[in-house]
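Numbering (this note's numbering), first residue to last: 1 to 383.
Each residue gets a CB set at the ideal place from its N, CA and C atoms; glycine is no exception.
Given the structure is predicted, the values throughout are model-derived calculations rather than measurements.
Structure, rendered in structure tokens:
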């Protein structure tokens, strides 16, 4: 990652390290953008949380570097310290959802020494080092793949646990900086696109129901981020008192229920408001296809309609994968990386619109010809 930060215009494809979650290959990929599982771990013998000093963080990173060759899943991983990276390179990691706001440095703050990202070149796993905890093990998959994500992360956890002495209490489980993560230290989340529940005004009832069964929701970038484009990130709230398997099973079961609610809401739209729904979808597509300037928020709102249209087969031939690419590669740091320079807000909006036009044009979507009373090409209109 650090070697690509200077200004290359070549952006990564799904096969690139850490980007496989974009490929729309998982179950329910038209509704579920991604599945993420994280484990919070701390290393014995080092203060963690607010008590950790720069020397403590550096010691943890050095200790991790020393054991990586003996960890099969990460034996070929690249370790990138965040502090020395240029700001744009750090923002790219955030926009690709490989690093958190805390790790890359919020509001222009340079990350402290010892803060790093360990990224596997060939597996969907990474480790954030010295974020809130010493280690945040994580995996990110396309579509709904909670159990698969957990199995891979569990294997990595065992490999690292054989080499590093984790901070563990026989009664409370794994010890973490935040009390809400004590126990398993597991946080599993699924990013869902729920436009039909929003349009049918059922979303609030569904979200309220989630809190009653131990789940919570956040925006596109997790905690503290706003919901844009009708994307909701659902995750477990508790980590103490249940096994990892129980937490994973529970999340998978509830998410499948939410997907069923969304699917039913889409059927309602097609049954009760087919013309309005189709018009909304094609209007959104038309604006994206021909706009010359787009803010990211405007893009996400329009893209929500287009993604719904692709799922409902109302935009024939449009694939989910290009829509996933649009979401990521039209963010500010990615636009600047492609341009090779900083962009003003207005320049960014123009570059964003140009990128979207290029991607959608390559998909070759053509509106179906329809005869109607206002069709100027019909015999009635021309006569």
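Which of helix, strand or coil DSSP assigns to residue i
{"i": "residue 130", "result": "coil"}
{"i": "residue 65", "result": "helix"}
{"i": "residue 42", "result": "coil"}
{"i": "residue 263", "result": "helix"}
{"i": "residue 363", "result": "helix"}
{"i": "residue 18", "result": "coil"}
{"i": "residue 230", "result": "coil"}
{"i": "residue 213", "result": "coil"}
{"i": "residue 4", "result": "Low local confidence applies: a pLDDT of 34 at residue 4 is under 50, so the model's placement there is unreliable, with the coordinate-based value given in what follows. Correct three-state label for residue 4: helix."}
{"i": "residue 296", "result": "helix"}
{"i": "residue 342", "result": "coil"}
{"i": "residue 202", "result": "coil"}
{"i": "residue 235", "result": "strand"}
{"i": "residue 37", "result": "strand"}
{"i": "residue 180", "result": "helix"}
{"i": "residue 97", "result": "coil"}
{"i": "residue 357", "result": "helix"}
{"i": "residue 55", "result": "helix"}
{"i": "residue 28", "result": "coil"}
{"i": "residue 311", "result": "helix"}
{"i": "residue 88", "result": "helix"}
{"i": "residue 276", "result": "helix"}
{"i": "residue 113", "result": "coil"}
Residue i and residue j closer than 8 angstroms at C-beta
{"i": "residue 304", "j": "residue 204", "result": "no"}
{"i": "residue 277", "j": "residue 145", "result": "no"}
{"i": "residue 176", "j": "residue 133", "result": "yes"}
{"i": "residue 318", "j": "residue 365", "result": "yes"}
{"i": "residue 296", "j": "residue 357", "result": "no"}
{"i": "residue 314", "j": "residue 352", "result": "no"}
{"i": "residue 342", "j": "residue 261", "result": "no"}
{"i": "residue 215", "j": "residue 235", "result": "yes"}
{"i": "residue 386", "j": "residue 188", "result": "There is simply no residue 386 to check, as the chain begins at 1 and stops at 383 in what is shown."}
{"i": "residue 91", "j": "residue 79", "result": "no"}
{"i": "residue 142", "j": "residue 22", "result": "yes"}
Cβ neighbour criterion (16 or more within 10 Å) applied to residue i
{"i": "residue 24", "result": "buried"}
{"i": "residue 275", "result": "exposed"}
{"i": "residue 162", "result": "exposed"}
{"i": "residue 18", "result": "buried"}
{"i": "residue 62", "result": "exposed"}
{"i": "residue 193", "result": "buried"}
{"i": "residue 311", "result": "buried"}
{"i": "residue 300", "result": "buried"}
{"i": "residue 40", "result": "buried"}
{"i": "residue 106", "result": "exposed"}
{"i": "residue 381", "result": "Summary for residue 381: the model assigns pLDDT 38, below 50, so the residue's position carries little reliability; its value from the coordinates is reported in the next sentence. By the 10 Å Cβ count, residue 381 comes out exposed."}
{"i": "residue 373", "result": "The predicted model places residue 373 with a pLDDT of 44, which falls under 50 and marks its position as unreliable, so this point remains unresolved."}
{"i": "residue 69", "result": "exposed"}
{"i": "residue 212", "result": "exposed"}
{"i": "residue 331", "result": "buried"}
{"i": "residue 184", "result": "buried"}
Nearest-angstrom Cα separation, counted from residue j out to residue i
{"i": "residue 322", "j": "residue 100", "result": "24 angstroms"}
{"i": "residue 93", "j": "residue 200", "result": "35 angstroms"}
{"i": "residue 9", "j": "residue 284", "result": "Note that residue 9 scores a pLDDT of 35, beneath 50, so its modelled location is shaky; the value from the coordinates is reported in the next line. Distance between the alpha carbons of residue 9 and residue 284 is about 28 angstroms."}
{"i": "residue 95", "j": "residue 126", "result": "15 angstroms"}
{"i": "residue 173", "j": "residue 238", "result": "13 angstroms"}
{"i": "residue 245", "j": "residue 32", "result": "21 angstroms"}
{"i": "residue 152", "j": "residue 139", "result": "8 angstroms"}
{"i": "residue 281", "j": "residue 359", "result": "17 angstroms"}
{"i": "residue 47", "j": "residue 328", "result": "36 angstroms"}
{"i": "residue 2", "j": "residue 102", "result": "Model confidence at residue 2 stands at a pLDDT of 38, short of 50, so the residue's coordinates are unreliable and nothing is read from them."}
{"i": "residue 257", "j": "residue 232", "result": "14 angstroms"}
{"i": "residue 158", "j": "residue 217", "result": "29 angstroms"}
{"i": "residue 348", "j": "residue 335", "result": "7 angstroms"}
{"i": "residue 197", "j": "residue 259", "result": "10 angstroms"}
{"i": "residue 363", "j": "residue 320", "result": "11 angstroms"}
{"i": "residue 182", "j": "residue 51", "result": "17 angstroms"}
{"i": "residue 388", "j": "residue 344", "result": "Past the edges of the chain, shown from 1 to 383, lies residue 388, and the structure says nothing about it."}
{"i": "residue 119", "j": "residue 109", "result": "22 angstroms"}
{"i": "residue 54", "j": "residue 66", "result": "18 angstroms"}
{"i": "residue 253", "j": "residue 37", "result": "15 angstroms"}
{"i": "residue 279", "j": "residue 302", "result": "13 angstroms"}
{"i": "residue 128", "j": "residue 316", "result": "40 angstroms"}
Subject >> the stretch 266-273 / the stretch 165-174 touching (three or more Cβ pairs under 8 angstroms) >> reply: no
Subject >> the stretch 45-62 in contact with the stretch 101-119 per 3-pair CB rule at 8 angstroms >> reply: yes
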